[in-house]
Every structure is written in C-alpha cells, then in structure tokens.
Amino acid sequence: MLIGLGISAACAVGALIAAAGVLAMALPGRPEPWPRHLLGRAAAMAAWAAVSVYSLGLFTVWDSEQAFSDGTASVPAPACLDGFDPATVQGLTHHRSSYLPLRFDCVRDDGTVYSSDSFYGWMNWASLSCALAAALFCVGAGYATELRARKAAVS
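Residue numbers for the sequence shown follow my numbering, beginning at 4 and rising by one.
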C-alpha cells in the first residue's frame, strides 16, 4: 500500500508542476504560440491527475487482494469485513475484484453483492474525467497548431 501512496503522490506532484506551468502562461514572457502551449500543459496536468487518482485506487484494490488468504482471519477478505456490521457480512462467501473499472465487491451466499469501499465510484469517475479532459486538451492543442498554420498560409 505504501508503494501505491508513493506513486500516487509522485503523480500528484507532477500534476501540481503542470498546473504551475498552466498558471505561468498568464505571466509576461510566455512562449509563443501560447494557445498550443497552454493546452499542452493543461493536457499534462489532467493526465497526471488521472494517473494519480487511478494509481491510488489500483493499489487499494491490490492491497485488498493481497490481504486475502494472508494468514489468520483473512478468509473472507478483510476488506469485506472491516467496518461492516455483522448483519451485512452474514453469509459472505467470496469476493470479486476488478482493476478496470476499480472495484472490490463482496458476494453473499444468496447472490447479493456489496462494495467493500465506497471510494471506488469517485475514483473511477475522477480518473475517467481527467483522462477525457487530457485527450480533449491534446486535440485542442493540435487544432490550435493547425489553425495557426492555416492563418499563416493565407497571409
């Protein structure tokens, strides 16, 4: 789990550095053509943010998988037991995990399922939103470059 936090923190630092680059575009002496640079830096910031959030969730799921079958009181998975009342965990048979989308579900003998952690929902949406924003910024940077080239060709 410590590795996951470290990777997530490193990516978050990358996102902050890219955000500083985006803010630097407002200062005098910015590089030209500035729209392409601004969109490129915004794309880098969004990509680093997506990787940061996703890696945090990925290592949370991985940690829950590693805790399963790892010593005493590890079956069923501790993630399915910790923080839940006895009525919720009654009849627990197994778990299902997924890395894309992030989830760690606990399955009862009657077929009902409950999530071991409510954070996976926002992690999935946040990483997807940031990744889509990064892609849109990249497309926008390419469009800004092409638009500038067309204007130069007309002049």
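A virtual CB, placed ideally from N, CA and C, is assigned to each residue, including glycine.
Secondary structure note for R39: it is in no beta strand (DSSP E), and the uninterrupted alpha helix (DSSP H) holding it is W37 to A70. By the neighbour-count definition (other C-beta atoms within 10 Å, threshold 16), W51 is a buried residue. Remark: three or more beta-carbon pairs, one from each stretch, lie closer than 8 Å, so the stretch 128-137 and the stretch 36-54 are flagged as touching. Segment contact: the stretch 93-101 against the stretch 111-130, three or more CB-CB distances shorter than 8 Å; contact assigned. The beta carbon of C83 sits closer than 7 Å to those of V92, L95, H98, C109 and S119, all from its chain and outside the five residues before and after it, given in chain order. Contact between G60 and L105 holds: their C-beta atoms lie close to 4 Å from each other, under 8 Å. Nearest Cα to L103 within the set N127, A15, Y117 and A90: N127. Under DSSP, the beta-bridge partners assigned to D108 are R99 and S118. C-alpha of Y117 to C-alpha of A46: approximately 36 Å in a straight line.
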